[in-house]
Amino acid sequence: MSDRPILAAVPSSRQLLIVAQDPSVRDSEGRIITSLIDVPFEPTAPGPKGARVYVVDYDASTGEFNPPSELLVDLTKKELSEKKLTKKELDRLMDNSAFRAHNAYAIVMRVLARFEFALGRRLSWGFDGHQLHVAPTAFVDANAFYSNRDRGLFLGYFDTEKNGKRGSKRVYTCLSHDVVAHETTHALLDGLRTRFTEPSSDEQAAFHEGFADVVALLSIFSVPGLVQKALDLKEVKDTTSRSNDPRAVARKWLKKEALKEGVLLGLGEEMADPNERLNALRRSVRITPEEANAIRTGNEAHRLGELIVAAVMNAFLDIWLERLSTVGPVYGKEGMDRSRVAEEGRVTADYLLTMIVRAIDYTPTVDIRFSDFLSALLTADLEIRPVDRYEYRARLLHNFKLFGIEPTSDGFDGHPAVWEPPRIEMDYSNTVFESMQRDADEVFRFVWQNRDKLCLYEPAYTRVESVRPCIRISPAGFVLRETVVEYVQILNVRAHELASLPWDEPQFPPQKPVKLETPVKPPEMPGNLSFRLYGGGALIFSDRGELKYHVRSKILNAKRQRQRLHNLWDSGFFSSQNSSGKSLTRRFADMHRRRRLGATNALTKDGPYGESF
Amino acid sequence: MARASKPDSLTVRAYDVGFGDCFLLTFHYKERDRHVLVDFGTTGSRSGKDKDTLSRVANLIVKHCTDARGKAKLDAVVVTHRHRDHIRGFSTDPSDGACGTRIAKLAPDLVVQPWTEAPKAPRDSKGSASPGSRTKGFRTSNRGYMSMLGNMTQFAKSLVGGEARRFMTLRSVQERRQLAFVGEDNLKNESAVRNLMKMAKAARLKGEYLSYGSSTKLEQILPGVKVNVLGPPTITQHARVKTEAETNPEFWMLQSIFWLGQARMMNDRRKAVSTPQPTRKNDIPLSARWFVQNCDQVRASQLLSLVRIVDGAMNNTSLILLFQIGSRKFLFPGDAQIENWEYALRYAPDAKKNLETLKDVTLYKVGHHGSRNATPKTLFKVMAAKRNRSDRLTSMNSTMPDKHGDTANRSEVPRGTLVRALKKRSRYLTTEHLSDETPYIEETFSL
Chain A
174 MSDRPILAAV PSSRQLLIVA QDPSVRDSEG RIITSLIDVP FEPTAPGPKG
224 ARVYVVDYDA STGEFNPPSE LLVDLTKKEL SEKKLTKKEL DRLMDNSAFR
274 AHNAYAIVMR VLARFEFALG RRLSWGFDGH QLHVAPTAFV DANAFYSNRD
324 RGLFLGYFDT EKNGKRGSKR VYTCLSHDVV AHETTHALLD GLRTRFTEPS
374 SDEQAAFHEG FADVVALLSI FSVPGLVQKA LDLKEVKDTT SRSNDPRAVA
424 RKWLKKEALK EGVLLGLGEE MADPNERLNA LRRSVRITPE EANAIRTGNE
474 AHRLGELIVA AVMNAFLDIW LERLSTVGPV YGKEGMDRSR VAEEGRVTAD
524 YLLTMIVRAI DYTPTVDIRF SDFLSALLTA DLEIRPVDRY EYRARLLHNF
574 KLFGIEPTSD GFDGHPAVWE PPRIEMDYSN TVFESMQRDA DEVFRFVWQN
624 RDKLCLYEPA YTRVESVRPC IRISPAGFVL RETVVEYVQI LNVRAHELAS
674 LPWDEPQFPP QKPVKLETPV KPPEMPGNLS FRLYGGGALI FSDRGELKYH
724 VRSKILNAKR QRQRLHNLWD SGFFSSQNSS GKSLTRRFAD MHRRRRLGAT
774 NALTKDGPYG ESF
Chain B
37 MARASKPDSL TVRAYDVGFG DCFLLTFHYK ERDRHVLVDF GTTGSRSGKD
87 KDTLSRVANL IVKHCTDARG KAKLDAVVVT HRHRDHIRGF STDPSDGACG
137 TRIAKLAPDL VVQPWTEAPK APRDSKGSAS PGSRTKGFRT SNRGYMSMLG
187 NMTQFAKSLV GGEARRFMTL RSVQERRQLA FVGEDNLKNE SAVRNLMKMA
237 KAARLKGEYL SYGSSTKLEQ ILPGVKVNVL GPPTITQHAR VKTEAETNPE
287 FWMLQSIFWL GQARMMNDRR KAVSTPQPTR KNDIPLSARW FVQNCDQVRA
337 SQLLSLVRIV DGAMNNTSLI LLFQIGSRKF LFPGDAQIEN WEYALRYAPD
387 AKKNLETLKD VTLYKVGHHG SRNATPKTLF KVMAAKRNRS DRLTSMNSTM
437 PDKHGDTANR SEVPRGTLVR ALKKRSRYLT TEHLSDETPY IEETFSL
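One line per chain: the protein sequences are A and B, in this order. When we follow the numbering used here, the leftmost residue of the first sequence carries the number 174, and every step to the right adds one. When we follow the numbering used here, the leftmost residue of the second sequence carries the number 37, and every step to the right adds one.
Have a look at this one:
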């Protein structure tokens, strides 16, 4: 029982000590770099177990269960953090199961809080339940994944080889900030857009991975003090170019390529990681626009997600440098103030992270493409921050284009690439404003009433999946209230019926159906094969209940459905094993393994369809 | 006495080994019968007494290879791949009935195996080229592939001996039977492998290790019989299609290292497991039990999916042999799955010719005991096309239901849809209904 007086103020957050990146990233004295992060305050039970996260330290490889432990709030006590733990104490801490559980809890909570702040509301996980289970030492494997069916994150551990000696170093993925943040992002994105895990295009499969990678990277760089540590690490190695003044960063480092090498790629260089995790992240940042083109046009679906990482992280560097350009050289020839350089980097990462997360509300609900994400990213930011002082949007757009990603929308009202608001006045006559902010049936009534204006295909099954009121706060303190509605359309068809659908219809006002030059159906697909077509969108309502945006992937978009069906057909999705759905429930485990092995298809590969009995 | 130019007839016997393959091909020549044994193994007999079953089958093989003068002789042994259900009978280990000793005594003149079993091929565990290797002509990608297979087997062995053992006893784990079965099938079967190497060394024509398009000394042993090797392709021949990745030796090296890592992790774990005992269920808090059970389930599924990859890879090393005597053709594809078959049927330069040749197969040994993906539909359509009644396809399946796969996810063996198609379009013979009184199927084909 808490001894706090009933009416005393409850703190809104608490500080917890975490491993800033992973135990391989150490300072010049060989100490593991740690950081104090803010997470929402909540009363916790042993586990740690809170309202949204429950750490269960069970190792399925051995059947061992570590008794639930309390959050290690003592580690954050002022005197301890100021004194700093010694190298030995920190190393010992990594072997402490209670600290590993604590570290996993803290990072999951931090990512959740970042998402909730960015989206301006409470978020649900992608499964039916409030608490995400986390198994910090789930099994012996260089793998970690989120499983919707099991309502949990499974974080493996493994021994690495050093100088030919096995087991000399144990790597716990629960101590790797980027791994925990990446898997938490899968769980959150699954809650925001459940249908992004449906088998669809190569880009949709790659999007989950690319998005989770970006969030993980930005999450690391937004940890207080980490950017400075990364700068220090690189400079310690390169004594020839160091500034004579320890408070300054030499000018040499304040260039895009140098920052890329020094900060983005500098972390975890020494990590002997068979998982190749950091190598993959580093590779993403190193992609050149020419390589990006090869990835898109060649057959490297498993690398498509890296394009998002490349575009965002290059924009991150551009914006960071832009912010620094407004700061004068404090130390004259010696360069700029070290802590200011680092802080500008942290602030840039932090805001980009908010932008990236916010974009999800402005994406279609099914069949996401990178181009949709780009338009969503720019629109969501324009709504809350019309004046773009450091040109975040322009630099993101420039870098996405550089890596071959063009926006879906041409833009509106002088703002390139943003979604266009509806041109037609909607009919609000039978809807109740207050209910529209929370009641799916009320919103469906609106959807039904305006089905022609919203260009929905009436024969398809239509369902409003969520209604989410949000309150978002801009960096300048400006408050934006919106209601975000998700709907889907589903059509059960047989392959032979595809030719007779009114593709690219309906439109408002009605037009003649388009005569398709290329059929939607893959040529080898049997006519009697039945499957589902999906369409759907997000409706963004203003605080006055007016429809601001309708972002959608139309169910009768011939080009998209053709791509989707061809992709599913080629990847063997329609073979019986996959259509039974069994292999899809824990697909992230499989996806991560495929990624490590450089497999040919990120979605599924079950042999050529039509050959199995 | 002048040697006969071709056999007059061929008797094919399928012995009841339960879940496994064991076929004896007896080519009847004027001067004497010549016997070729294709596989001999089991992963589970009908009686549950594998040792007794193997022993009984070994006795039958000896009996059927003995001529009127009482001389027992086997002319050649073909081992399609190294799965337990295909080679266990060659083991000299008493726990397997030591049948391998009896087979070795039949002094085969030739032992035929897939190229992946070649003992001289370098087995550098990291798949890198070993300078000074005695084998020339092996491209690095082939070596990487072989090294991967070696590491996969090592993984299966470590798995079955270690972590998987616990899951096999956990009633809450749905996949426990599958895990035990697939894992054990992929054990290294060292005794059998060693015995086959020994037999090859002692054989008059030694051992040969074949790949797609190889010529074989089986043709020397069987005059008048043409033997086409339709699989497995080497990696150099058939780096898979849609991506450049698999033509890259580094790809195979990556795979190989992955499996080496998996095997080592298993081993490390096995050593470590001896100290901490699994926590008793009652000691796990009530609030955590649901998730703990799911953790076990997740891990078992994960291991099963890994071991299934191993299983598929090993199946795809299967020899595919087509024996042709005049217009009669006998097809023995082992457990080859689609990835192995597709080279002969689709990607080989002479794929069209192969499809033409397979049109009028006389006997088809049903691939992989009738599983869903070992009889490609392309092959089936060609073989089972409308033919005269006298020329009807015969299919022979050595299998045992309820051992492998699951009807719920349409992976049961033998697969219902395949069996129905085979019954409809061929004369379907199966070992499923054999008993102690009739422990084998025997079919003679006039040539």
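We put the beta carbon where it would ideally sit given N, CA and C, even for glycine.
Check, Outcome
"Closest Cβ-Cβ distance between Glu463/A and chain B: below 8 angstroms?", "no"
"How far does the beta strand (DSSP E) with Leu484/B in it reach, from first residue to last?", "As displayed, chain B neither begins before 37 nor continues past 483, which places residue 484/B out of reach and without an answer."
"Taking 8 angstroms as the threshold (C-beta atoms), are Val229/A and Gln277/A in contact?", "Note that residue 277/A is Ala in the sequence shown, not Gln. No."
"Please tell me whether Val620/A and Arg641/A are closer than 8 angstroms, where the distance is taken between their beta carbons.", "no"
"Between the alpha carbons of Arg325/B and Gly197/B, how many angstroms are there, rounded?", "27 angstroms"
"What does the Cβ neighbour count give for Gly168/B, buried or exposed, with the cut at 16 atoms within 10 Å?", "Residue placement at Gly168/B is flagged as unreliable, the pLDDT there being 34, under the threshold of 50; the coordinate-derived value follows with that caveat. So Gly168/B counts as exposed."
"Near Gln736/A, what residues of its chain come up, given a Cβ to Cβ distance below 6 angstroms and the 5 sequence neighbours on each side ignored?", "Ser374"
"Could you compute how far the alpha carbon of Ala731/A sits from the alpha carbon of Asn316/A?", "38 angstroms"
"Excluding the five sequence neighbours on either side, which residues of its own chain have a C-beta within less than 7 angstroms of the C-beta of Thr249/A, listed in chain order?", "Gln188, Leu189, Leu190 and Leu209"
"Once DSSP output is grouped into helix, strand and coil, what is the label at Gln360/B?", "strand"
"Reducing DSSP to helix, strand and coil, say where Thr207/A ends up.", "strand"
"Identify whether Gln188/A lies in helix, strand or coil by the three-state DSSP scheme.", "strand"
"Whose C-beta lies closer than 7 angstroms to the C-beta of Leu195/B among residues of the same chain, with five residues either side of it excluded?", "Gly219, Met302, Leu339 and Val343"
"Below 8 angstroms on the Cβ atoms is my guess for Phe543/A versus Phe380/A; work out the distance and round it to an integer in Å.", "7 angstroms"
"Rank Pro213/A, Lys727/A and Glu556/A by C-alpha distance to the C-alpha of Ala224/A and give the top, closest one.", "Pro213/A"
"For chain A, is any of its Cβ atoms less than 8 angstroms away from the one on Ala457/B?", "yes"
"Of all the CB atoms in chain A, is at least one closer than 8 angstroms to the CB of Glu199/B?", "yes"
"Mapping the DSSP letters down to three states, classify Asp301/A as helix, strand or coil.", "coil"
"Could you tell me which residues DSSP puts in a beta bridge with Ile351/A?", "Per the sequence shown, residue 351/A should be read as Asp rather than Ile. Partner(s): none; Asp351/A has no beta bridge."
"Rounding to the nearest angstrom, what Cα-Cα distance links Ala108/B and Arg428/B in this structure?", "34 angstroms"
"For chain A, find out if any of its Cβ atoms is closer than 8 angstroms to the Cβ of Gln338/B; answer yes or no.", "yes"
"Give the residues from the segment 53 to 69 of chain B that approach chain A closer than 9 angstroms (Cβ to any Cβ), ordered along the chain.", "none"
"Quickly, what does DSSP pair Ser341/B with across the bridge? List them, please.", "Partner(s): none; Ser341/B has no beta bridge."
"Ignoring anything shorter than 3 residues or poking outside the segment 587 to 652 of chain A, list the beta strand (DSSP E) runs there in chain order.", "634 to 646"
"Counting along the chain, where does the beta strand (DSSP E) carrying Leu46/B start and finish?", "Ser45 to Tyr51"
"Since Ala108/B sits in a beta bridge, which residues does DSSP pair it with?", "Thr102/B"
"On a CA-only basis, which of Leu361/A, Phe272/A, Phe384/A and Val400/A is nearest Cys347/A? Give me that one, please.", "Phe272/A"
"When you check each C-beta in the segment 356 to 378 of chain A against every C-beta of chain E, which residues fall closer than 9 angstroms?", "The displayed structure is made up of protein chains A and B, and chain E is not among them."
"Assign Gly708/A to one of three DSSP states: helix, strand, or coil.", "strand"
"If we ignore side chains and look at the alpha-carbon of each, how far apart do Tyr563/A and Leu570/A end up?", "13 angstroms"
"Cβ of Ala233/A within 8 angstroms of Cβ of Leu305/A?", "no"
"Alpha carbon to alpha carbon, how far is Leu246/B from Pro269/B? Give it in angstroms, no decimals.", "9 angstroms"
"Hey, does Ser242/A have any beta-carbon neighbour from chain B nearer than 8 angstroms?", "no"
"Excluding the 5 residues preceding and the 5 following Ala134/B in the sequence, name in chain order all residues of the same chain whose CB lies nearer than 8 angstroms to its CB.", "Ser127 and Thr128"
"Looking at C-alpha atoms only, which residue of Ala590/A, Val560/A and Asp586/A is the closest neighbour of Phe573/A?", "Ala590/A"
"What is the C-beta distance between Ser726/A and Pro537/A, in whole angstroms, given that I count them as a contact (C-beta under 8 angstroms)?", "4 angstroms"
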